[in-house]
Amino acid sequence: YVEWSLHEPYPGQYNFEDIVDLEYFLRLVQDEGMYLLLRPGPFILSERDFGGFPFWLMNVVPKKGLRTND
Numbered sequence: 001y002v003e004w005s006l007h008e009p010y011p012g013q014y015n016f017e018d019i020v021d022l023e024y025f026l027r028l029v030q031d032e033g034m035y036l037l038l039r040p041g042p043f044i045l046s047e048r049d050f051g052g053f054p055f056w057l058m059n060v061v062p063k064k065g066l067r068t069n070d
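Shown next, in the form of structure tokens:
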């Protein structure tokens with residue numbers, strides 16, 4: 001999964017370094033001759049808090065509009 005909350009922990013502050021360096025990871029997979037099934041967010045139905053959404057999003061989007069069934 002590519003988790004939004006790891007790459008934008010604060011509004012407008014992007015992080016693609018160290019353990020979240022996506023380009024490095026993709027090159028490593030390619031260099032090792034491996035296959036990858038990349039699953040980008042924004043929502044992740046997995047063992048991630050808040051579905052991988054950044055928590056600051058609760059202050060930006062009205063709560064009733066953040067996650068709906070439609």
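One point on numbering: in the UniProt record's numbering, the residue at position 46 of the sequence shown is 46, and numbering is uninterrupted.
Virtual Cβ for every residue (Gly too), placed ideally from N, Cα, C.
Three-state secondary structure (DSSP) at residue i?
i	result
residue 2	strand
Sorted by chain position, which residues of the same chain lie with C-beta nearer than 8 Å to residue i's C-beta, five sequence neighbours on each side aside?
i	result
residue 4	41, 42, 52, 53 and 54
Leaving aside the five residues before and after residue i along the sequence, list all residues of the same chain whose C-beta is less than 6 Å from its C-beta, in chain order.
i	result
residue 6	20
residue 11	56
Relative to the C-alpha of residue i, which candidate in the options has its C-alpha closest?
i	options	result
residue 1	66, 37 and 62	37
residue 39	60, 26 and 31	26
residue 9	23, 34 and 50	50
Point to revise | Unbroken stretches of the alpha helix (DSSP H), 4 residues or longer, contained in the UniProt domain "Glycoside hydrolase 35 catalytic" (1 to 70) | key: 4 to 7, 22 to 31 and 63 to 66
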